[in-house]
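Visitor: I'd like to ask you about the structure that follows.
Protein chains in written order, with the numbering used here: chain A, 503 to 785; chain B, 12 to 197.
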């Protein structure tokens, strides 16, 4: 018989507090390398100037322990819970929210959540958006993703007609990035979710943003080819860093897919600004 | 892109604004006021009611920004621009009252661009996502209105050589349009 493994709610809270603070101060090596490479390759003088400032900012943020961006995000949490895990000493959801609350208070991160109608700030950056999946095993993987509002606003979902097919998907994604223009702080990452249902295409798009930067979809060569095609199309637009013109409008396009209804072709584009932050831990 | 940035001090006036052109790099010093979504609602509600605004708007420059909290002993937390189009419904009214400059990121509406021509005002781009670096330009920061809005309160900032780029000038030109003309290959 498989043994239940206990993880305390307090550990969940502490882990998420540390992950959200760390994510806001320093990006992954993959992003740092991609931005450095972009600064070398960009042909527009203003574009290069922007990319150099972005690199300088990463140094300052690290040295002074300051958030890379004042928009320290909506707190998105992906939790992959092994089915042998038993959370003890508290409620899992509450433990997650407490971790976010502590991170944003103790880390001097901006509280950016409000009531949608009164626009009154909730005061502690909660509630986080939590996606929990139950998976085999006795581990708990927690991913903290602070998601900025400016790039989230430029994201879009569409229920395409199946006849539009691959060409329709490519056109939809490129059009979304074109329409977003300078607003989402390019150079961006483009996460695309295809299939499932309306909301699942959005979850897939967001998960696609978590993949190591620039790695192609490993499960489906058709997606890997579309990722390359869309990236080329997007970088022909000329929007460039901050929309000041140039070649580097997107650093990568990541796509994820699952089957959908015979009547449907849901496609969601989730845009991520150049401050692409996420950190994970396995308990 | 001009090789040497132009040094400017607030408050701005017609003459200073008319000297600026699309794509100019500017180092701006002096007093700025932050204001974003909720603050703009309140400012314009006050203007409609004929009430005085909580800061002198004549010649003023608004920074569309909501800073992260300052650590103890620090002047400010990380600070940078938010996307400007959300303030478009309010901007012409503020320009009519004397607002001369706006700092943000992203495209403005045709109404805002034409109001900039009419009132001789300028829209500057600050780089988004370099907020730790930008914080170094802030010399003073204090809330002057709407403290209950938290990060959306109006802060009076004293800045030194804040690096900006002119996006829309007083002639109705637009850096984003001109950049696309130069770099688009579609």
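Yeah, the Cβ is synthetic: ideal placement off N, Cα and C, and Gly gets one too.
All of these numbers come straight from a predicted model, not from anything done at the bench.
Below 7 angstroms on C-beta distance, what does residue 141 (chain B) contact in chain A?
Guide: Translated into positions along the second chain, residue 141 (chain B) becomes position 130. Per Cβ cutoff of 7 angstroms: 555, 556, 559.
Visitor: What separation, rounded to the nearest whole angstrom, lies between the Cα atoms of residue 194 (chain B) and residue 737 (chain A)?
Guide: Taking the second chain and counting its residues from 1, one reaches residue 194 (chain B) at position 183. Taking the first chain and counting its residues from 1, one reaches residue 737 (chain A) at position 235. Between residue 194 (chain B) and residue 737 (chain A), the C-alpha separation is close to 10 angstroms.
Visitor: Return no unless some Cβ of chain B is closer than 8 angstroms to the Cβ of residue 780 (chain A).
Guide: Numbered from its first residue, the first chain carries residue 780 (chain A) at position 278. No, no contact with chain B.
Visitor: Use the C-beta contact count for residue 171 (chain B): other C-beta atoms within 10 angstroms, 16 or more gives buried, fewer gives exposed.
Guide: What you label residue 171 (chain B) is simply residue 160 of the second chain in a count that begins at 1. Flag for residue 171 (chain B) reads exposed.
Visitor: Pairing CB atoms from the stretch 147-156 of chain B with CB atoms from the stretch 101-115 of chain B, are three or more of them under 8 angstroms?
Guide: They do not touch, by the three-pair rule.
Visitor: Report all residues from its chain with a CB closer than 7 angstroms to the CB of residue 483 (chain A); omit the five preceding and five following residues, and keep chain order.
Guide: Given that chain A is displayed from residue 503 to residue 785, the structure contains no residue 483 (chain A) and the question cannot be resolved.
Visitor: Give me the residue from B:93, B:98, B:36 with the minimum Cα distance to residue 551 (chain A).
Guide: The residue given as residue 551 (chain A) occupies position 49 in the first chain. That would be B:36, whose Cα lies nearest to the Cα of residue 551 (chain A).
Visitor: Could you pull the DSSP bridge partners for residue 46 (chain B) from this structure?
Guide: Along the second chain, read from residue 1 onward, the residue named residue 46 (chain B) stands at position 35. DSSP lists no partner for residue 46 (chain B).
Visitor: How many whole angstroms separate the CB atoms of residue 695 (chain A) and residue 706 (chain A), which I take to be in contact at a CB cut-off of 8 angstroms?
Guide: Numbered from its first residue, the first chain carries residue 695 (chain A) at position 193. Numbered from its first residue, the first chain carries residue 706 (chain A) at position 204. Yes, they are in contact, since the Cβ atoms of residue 695 (chain A) and residue 706 (chain A) sit about 3 angstroms apart, within 8 angstroms.
Visitor: Taking Cβ-Cβ distances shorter than 9 angstroms, what residues in chain B pair up with residue 570 (chain A)?
Guide: Mapped onto the first chain, residue 570 (chain A) falls at position 68. Here the neighbours are 89, 140, 141, 142, 143.
Visitor: Given that residue 614 (chain A) touches chain E, what residues does it touch there, using C-beta distances under 8 angstroms?
Guide: The structure shown contains no chain E; the protein chains it does contain are A and B.
Visitor: Compute the Euclidean distance between the alpha carbons of residue 698 (chain A) and residue 47 (chain B), then round it to the nearest angstrom.
Guide: Mapped onto the first chain, residue 698 (chain A) falls at position 196. Mapped onto the second chain, residue 47 (chain B) falls at position 36. Taking the straight line joining both Cα atoms gives about 37 angstroms.
Visitor: Give the secondary structure of residue 11 (chain B) by DSSP, where H, G and I count as helix, E and B as strand, and everything else as coil.
Guide: Summary: the structure shown does not reach residue 11 (chain B), with chain B confined to residues 12 through 197, and so no result is reported for it.
Visitor: Got a sec: is the Cβ-Cβ distance from residue 194 (chain B) to anything in chain A below 8 angstroms?
Guide: Against the second chain, residue 194 (chain B) aligns to sequence position 183. For residue 194 (chain B), the answer is yes, since a Cβ of chain A falls inside 8 angstroms of its Cβ.
Visitor: Could you give the residue range of the alpha helix (DSSP H) that holds residue 552 (chain A)?
Guide: Numbered from 1 along the first chain, position 50 holds the residue referred to as residue 552 (chain A). Start and end: 547-566.
Visitor: Rounded to the nearest angstrom, how far is the Cβ of residue 106 (chain B) from that of residue 130 (chain B), given a contact under 8 angstroms?
Guide: Taking the second chain and counting its residues from 1, the one referred to as residue 106 (chain B) is at position 95. Taking the second chain and counting its residues from 1, the one referred to as residue 130 (chain B) is at position 119. Correct: roughly 4 angstroms between the Cβ atoms.
Visitor: What residue range does the beta strand (DSSP E) around residue 74 (chain B) cover?
Guide: Taking the second chain and counting its residues from 1, the one referred to as residue 74 (chain B) is at position 63. It spans 72-74 - the beta strand (DSSP E) in which residue 74 (chain B) sits, taken as one unbroken run.
Visitor: Using the rule of at least 16 other Cβ atoms within 10 Å of the residue's Cβ for burial, across every protein chain shown, is residue 600 (chain A) buried or exposed?
Guide: Within the first chain, numbered from 1, the residue matching residue 600 (chain A) stands at position 98. By the neighbour-count rule (16 or more Cβ atoms within 10 Å), residue 600 (chain A) is buried.
Visitor: Using a Cβ cut-off of 8 angstroms, pull out every chain A residue sitting near residue 118 (chain B), in sequence order please.
Guide: By one-based count along the second chain, residue 118 (chain B) stands at place 107. Ordered by position in chain A, the residues that pass the 8 angstroms Cβ test against residue 118 (chain B) are 683, 684, 685, 745.
Visitor: For residue 41 (chain B), which of B:82, B:29, B:70, B:58 has the nearest alpha-carbon?
Guide: To locate residue 41 (chain B), count along the second chain from 1; it is residue 30. It is B:70 whose Cα lies nearest to the Cα of residue 41 (chain B).
Visitor: Since residue 57 (chain B) meets chain A, which of its residues come closer than 9 angstroms, beta carbon to beta carbon?
Guide: As a working mapping, residue 57 (chain B) is identified with position 46 in the second chain. Within chain A, no residue comes near residue 57 (chain B); the closest Cβ sits about 16 angstroms away, beyond 9 angstroms.
Visitor: Quick check on the burial criterion: 16 or more other C-beta atoms within 10 angstroms. Buried or exposed for residue 730 (chain A)?
Guide: Taking the first chain and counting its residues from 1, the one referred to as residue 730 (chain A) is at position 228. Result: exposed.
Visitor: Assuming residue 652 (chain A) contacts residue 686 (chain A) (C-beta within less than 8 angstroms), just tell me the rounded distance between them.
Guide: In the first chain, counting from the first residue as 1, residue 652 (chain A) sits at position 150. In the first chain, counting from the first residue as 1, residue 686 (chain A) sits at position 184. With a Cβ gap of about 6 angstroms, residue 652 (chain A) and residue 686 (chain A) count as contacting.
Visitor: Decide if the stretch 609-623 of chain A is in contact with the stretch 158-175 of chain B; the criterion is three or more beta carbon pairs, one per stretch, under 8 angstroms apart.
Guide: Segments in contact, yes.
Visitor: Strictly by DSSP, which residues pair up with residue 117 (chain B)?
Guide: Counting from 1 along the second chain, the entry for residue 117 (chain B) is found at position 106. Answer is none; residue 117 (chain B) lacks a bridge partner.
Visitor: Quick one: which chain B residues come within Cβ less than 7 angstroms of residue 519 (chain A)?
Guide: Here residue 519 (chain A) refers to the residue found at position 17 of the first chain. The contacting residues do not exist; residue 519 (chain A) stays about 16 angstroms from chain B at best.
Visitor: Counting only the same chain and skipping the five closest in sequence on each side, list residues whose C-beta sits under 8 angstroms from that of residue 200 (chain B).
Guide: Shown here, chain B extends from 12 to 197; a query on residue 200 (chain B) therefore has no answer.
Visitor: Give the DSSP-derived three-state secondary structure of residue 207 (chain B) in the structure shown.
Guide: The first residue shown for chain B is 12 and the last is 197, placing residue 207 (chain B) beyond what the model contains.
Visitor: How would you list, in chain order, the residues of chain B whose beta-carbon sits under 8 angstroms from the beta-carbon of residue 619 (chain A)?
Guide: As a working note, residue 619 (chain A) is residue 117 in the first chain. By Cβ distance, chain B contributes nothing, its closest Cβ being about 12 angstroms from residue 619 (chain A), past 8 angstroms.
Visitor: Which same chain residues, not among the five before or five after residue 175 (chain B), have their C-beta less than 8 angstroms away from its C-beta?
Guide: The residue labelled residue 175 (chain B) in the question sits at position 164 within the second chain. So the list reads 36, 37, 38, 39, 114, 135, 136, 137, once near-sequence residues are dropped.
Visitor: Name, going along the chain, the residues of the stretch 168-193 of chain B whose beta-carbon falls closer than 7 angstroms to a beta-carbon of chain A.
Guide: So the close ones are 176, 186, 187, 190, 191, 193.
Visitor: Look at the alpha carbon of residue 605 (chain A) and the alpha carbon of residue 510 (chain A), and state the distance between them as a whole number of angstroms.
Guide: On the first chain, position 103 is the one that residue 605 (chain A) refers to. On the first chain, position 8 is the one that residue 510 (chain A) refers to. Each residue's alpha carbon lies about 18 angstroms from the other.
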